[in-house]
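Asks: Protein chains in written order, with this note's numbering: chain X, 1 to 413; chain Z, 1001 to 1518.
Think of the CB as a built atom: it goes at the ideal place given N, C-alpha and C, for glycine as much as any other residue.
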């Protein structure tokens, strides 16, 4: 059942297909990522200096786990950092000085000695959703106009492996004209993006926007009116489906968007391209993976931790105060020192919540491994059983699980 | 000093016998007992009597020995452990009679037990006794015959109300005759059941013959032709055995069921409204007990479903009508499992197609109805011409009159039927407030203030006598006078108000549209 999509910058090998789900490897710049997989959101640069692992509160602690810093007392947890998502726009979150901004971009992430234990794939989002209302990046002592060129420069300077064009995400209440206009604006950037990235060493993903088949298909129609289809096919390596964040809690809408996107990809003859779903995480991941989405990015591990929640599983989280840490065999919960911190015995919030976030991330990455294992069984029963196990007690989720089982895995009866 | 609590035996017997509210439960208990006795044939005969009925139940089971007969008459002293009637309550329903006679042959001995006037004695606070005699007989030909004389059947068992249809439904819904055990292939014994009603009760047939199996109507996955395409659709959901863990143990849940349209459901022995019979049934011994229709969400309407969720760890109330261990972990666990199972069924693509087919049928019927209603309306237009039935149509008439007169003297600028003053119209370039009615009399019926109304637009003036009454009685303390020469009416409350009347019908007839007179 093996199937390969190879371009100059990427190999996407699909080893197993179960229903609409697929599992394989994404190989970029000689680094291999098993799919389906998760790119945890990570701010490599968050206002601080090298001494503070470039700062970022909980992000900083996560990075300390990534590199095995003394402050966390574990070996580098590299296996959970085979991929990371970082956004160009995150740099603006920290009121940088120009000097620090330039320092951050001077050396690619993976070429910094500090980050030496990290060798995962870096996916750099364009930050289109953030620059929607303002096309400027504001530092403490400088301003910079954000356009396709500056976004690309930042993506490249970070040493990214996967980048996307600067896009114009749609909103649920956009009218038809507005959506078409945004598609046109996105198309305008594509010309520039493709010419800027001619020598880029990494994969280029085309962002597509829409909530259903007709919208996504129309988006591609508008794009190909402006940019010849052949150029798009030659220029891009994968698809990044965007604009779904406002619908993140509407599972039915996510299912429609992803399964319709796969259908559009099939009709446009690009079904073997990797599909990344931007900004959707957590409990929707198993559903969307079963429909054929290959990668995801998620900050749920951080958000849950910041909200005082510890994940027992991808589906279940509990307040930190109620946690029985002995239930978990992850390296964080196996450390007495870190458990003590998670119980609140640390001076800074980042030291309490950081280990929780790391634990949450491990839970999610393990869940993805389990999903891959089920797909590799190449028997729909494995995934159906997985859904049964994970969703049967969850009244809100299970009807969506049934929908996916019916649509992608052959149904129950 | 230790003291043992006492039981008032007579009261207990009375209580238990009375607890069986539905007299048809006699049949249920008899069938269960016959099945427990390994019978392959049961005959039930019911004769109507003044104030009650005589009931004879005969089976070819293994019969009862002396000890079994004791259990038959004793309360709460069943010898059965894994059988349906393990409680020793069921047969006590027979006490509501004038006489009970049991003849039974078991293992070479024939027994006859007779109890006289049990109900009367119990009501006189006397514990009824029975005479027991026995004889040796040839081995073989075992069986039991129970004769209950003048059973106090009460409401629902009256001769006029008891019919084969009703009994057939009861058998299939409430007794072992409606068992779905055979779908699980666990070797359920087949038992032939014959019910014969006295001709006085129901002479529509000789007898009712059935077995102890509920068979779902044949499957039909595809829609039919015609107006109701989903009506005969039917899908069986095959038997599934699900092991359910709960806090304290594990139990087995056996699920089987069907989904079907009205015609399919009518192939089952239904009686009365489907809403009282279909849905999700919990069962014990594969005898349906109580429904859990909440397992189906409102949009999916439980009426299309007949599912039986059997579990031997359900505990029943004395009359077997309700589940009594609903607070237990085992009940909660199976309930959750049933809900989960049904959530899969309601998401089954076939079921969605079925609902879609129903909707399509409804649309087709609506479209046919539309056609016939449009035909009527068009005919009416051809015969009667334009005749407004509501305010909006009156305004349409007004605009049409303006067009016909080839002037643009009236245009409707704003219309809000919910407002006191319904419309703002432009008359010769000037905006005027207008109340719009089919007849002028309605202007007063709405009881709204008229102070801001400049125009009363109506199709016609309505009943002149009614208008005269308003002139005679006034309107909210003010005087009303029609001034038809001036084309309006006067309303004198605090101020003198002139409301111009625009009678659309006459405008259309005369083709003249008045100019604003102010």
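Alpha carbon to alpha carbon, how far is residue 1525 (chain Z) from residue 1267 (chain Z)?
Replies: The requested residue 1525 (chain Z) is not part of the displayed model; chain Z covers only 1001 to 1518.
Asks: Run through the stretch 202-275 of chain X for me and flag every whole beta strand (DSSP E) of 3 or more residues, listed as ranges in chain order.
Replies: Correct list: 203-209 and 238-242.
Asks: Which residues of chain Z have a Cβ atom closer than 8 Å to the Cβ of residue 392 (chain X), listed in chain order?
Replies: What residue 392 (chain X) touches in chain Z: 1340.
Asks: In this structure, what does DSSP give as the bridge partners for residue 1378 (chain Z)?
Replies: In the DSSP output, where bridge partners are listed per residue, residue 1378 (chain Z) has none listed.
Asks: Report back the beta-carbon spacing between residue 1207 (chain Z) and residue 1195 (chain Z) to the nearest angstrom; my notes put them in contact at under 8 Å.
Replies: Contact flag correct, Cβ pair sits at about 6 Å.
Asks: Can you give me the Cβ contacts of residue 1169 (chain Z) inside the same chain, cut-off strictly under 7 Å, excluding the 5 residues immediately before and after it?
Replies: Correct list, in chain order: 1269, 1270 and 1271.
Asks: Return yes when the Cβ of residue 406 (chain X) is within less than 8 Å of the Cβ of residue 1349 (chain Z), no when it is not.
Replies: Their beta carbons are under 8 Å apart, which means residue 1349 (chain Z) touches residue 406 (chain X) by this criterion.
Asks: What's the C-alpha gap between residue 297 (chain X) and residue 1180 (chain Z)?
Replies: Taking the straight line from one Cα to the other gives about 50 Å.
Asks: Got a sec: is the Cβ-Cβ distance from residue 341 (chain X) to anything in chain C below 8 Å?
Replies: Among the protein chains of the structure shown, namely X and Z, there is no chain C.
Asks: Would you please state the rounded distance, in angstroms, between the beta carbons of residue 105 (chain X) and residue 154 (chain X)? I believe it to be under 8 Å.
Replies: Confirmed, Cβ separation roughly 6 Å.
Asks: With DSSP as the reference, please indicate the residues paired to residue 1053 (chain Z) in a beta bridge.
Replies: Residue 1053 (chain Z) is bridged to Z:1048 and Z:1151.
Asks: Chain X beta carbons: is any one of them nearer than 8 Å to that of residue 1347 (chain Z)?
Replies: Chain X contact via Cβ: present.
Asks: Just to confirm, are residue 90 (chain X) and residue 147 (chain X) a CB contact at a threshold of 8 Å?
Replies: Cβ distance not < 8 Å, so residue 90 (chain X) and residue 147 (chain X) don't count as in contact.
Asks: Do residue 1182 (chain Z) and residue 1213 (chain Z) have their beta-carbon atoms positioned less than 8 Å apart in this structure?
Replies: In contact: residue 1213 (chain Z) and residue 1182 (chain Z) (Cβ atoms closer than 8 Å).
Asks: For a cutoff of 8 Å on Cβ pairs, would you count residue 413 (chain X) as touching chain Z?
Replies: Residue 413 (chain X) counts as touching chain Z.
Asks: May I have the straight-line CA-CA distance separating residue 235 (chain X) from residue 226 (chain X), to the nearest angstrom?
Replies: Cα-Cα distance, rounded: 14 Å.
Asks: Closer than 7 Å by C-beta to residue 1440 (chain Z): which residues in its own chain qualify, once you throw out the five before and the five after it? Chain order, please.
Replies: Excluding positions up to five away in sequence, the list reads 1456, 1458, 1461, 1462, 1467 and 1501.
Asks: What are the start and end residues of the alpha helix (DSSP H) that includes residue 1093 (chain Z)?
Replies: Careful: residue 1093 (chain Z) lies outside any alpha helix (DSSP H) and carries neither H nor E.
Asks: Go through the stretch 72-102 of chain X residue by residue and report every complete run of the alpha helix (DSSP H) that reaches 4 residues or more, in order.
Replies: Those alpha helix (DSSP H) runs which fall completely within the stretch 72-102 of chain X and span 4+ residues do not exist here.
Asks: If we call anything under 8 Å between Cβ atoms a contact, is residue 1252 (chain Z) one with residue 1309 (chain Z)?
Replies: No. Outside cutoff.
Asks: Quick check on this structure: which residue in Z:1091, Z:1058, Z:1005 and Z:1054 has the alpha carbon closest to the alpha carbon of residue 1320 (chain Z)?
Replies: It is Z:1091 whose Cα lies nearest to the Cα of residue 1320 (chain Z).
Asks: Answer with buried or exposed for residue 260 (chain X), where buried requires no fewer than 16 other C-beta atoms within 10 angstroms of its C-beta.
Replies: Flag for residue 260 (chain X) reads buried.
Asks: Who pairs with residue 284 (chain X) in a beta bridge, going by DSSP?
Replies: Answer is none; residue 284 (chain X) lacks a bridge partner.
Asks: Listing by chain order, which chain X residues have their CB less than 8 Å from the CB of residue 1237 (chain Z)?
Replies: By Cβ distance, chain X contributes 413.
Asks: Using the beta-carbon count (16 or more within 10 Å), is residue 1397 (chain Z) buried or exposed?
Replies: Buried: at least 16 other Cβ atoms inside 10 Å.
Asks: I need the DSSP call for residue 1230 (chain Z), collapsed to helix, strand or coil.
Replies: Residue 1230 (chain Z) falls in the coil class under three-state DSSP.
Asks: Spatial neighbours of residue 416 (chain X) within its chain, please: C-beta separation below 6 Å, excluding the five flanking residues on both sides.
Replies: Any answer about residue 416 (chain X) is impossible in this case: the structure gives chain X only from 1 up to 413.
Asks: For residue 1357 (chain Z), does the three-state DSSP call read helix, strand or coil?
Replies: Three-state DSSP puts residue 1357 (chain Z) in a helix.
Asks: What is the DSSP secondary structure of residue 1235 (chain Z), reduced to helix, strand or coil?
Replies: Residue 1235 (chain Z): strand per DSSP, three-state reduction.
Asks: Please state whether the Cβ-Cβ distance between residue 1010 (chain Z) and residue 1094 (chain Z) is less than 8 Å.
Replies: Their beta carbons are not under 8 Å apart, which means residue 1010 (chain Z) does not touch residue 1094 (chain Z) by this criterion.
Asks: So, is residue 23 (chain X) buried or exposed, given that buried needs 16 or more other C-beta atoms within 10 angstroms?
Replies: Flag for residue 23 (chain X) reads buried.
Asks: Out of X:68, X:306, X:224 and X:214, point me to the one whose CA is closest to residue 262 (chain X)'s CA.
Replies: Among X:68, X:306, X:224 and X:214, the Cα nearest to that of residue 262 (chain X) belongs to X:214.
Asks: Does the distance from the CB of residue 1314 (chain Z) to the CB of residue 1293 (chain Z) come in under 8 Å?
Replies: Contact flag unset, no.
Asks: Is any beta-carbon of chain X found at less than 8 Å from that of residue 1275 (chain Z)?
Replies: Chain X, which has no Cβ nearer than 8 Å to the Cβ of residue 1275 (chain Z), makes this no.
Asks: Near residue 1339 (chain Z), which residues of its chain fall below 6 Å by C-beta distance, leaving aside the five closest residues on each side in sequence?
Replies: If we look at residue 1339 (chain Z) and ignore the five residues flanking it on each side, its Cβ neighbours are 1295.
Asks: Reducing DSSP to helix, strand and coil, say where residue 1518 (chain Z) ends up.
Replies: Residue placement at residue 1518 (chain Z) is flagged as unreliable, the pLDDT there being 48, under the threshold of 50; the coordinate-derived value follows with that caveat. Reduced to three states, the DSSP call for residue 1518 (chain Z) is coil.
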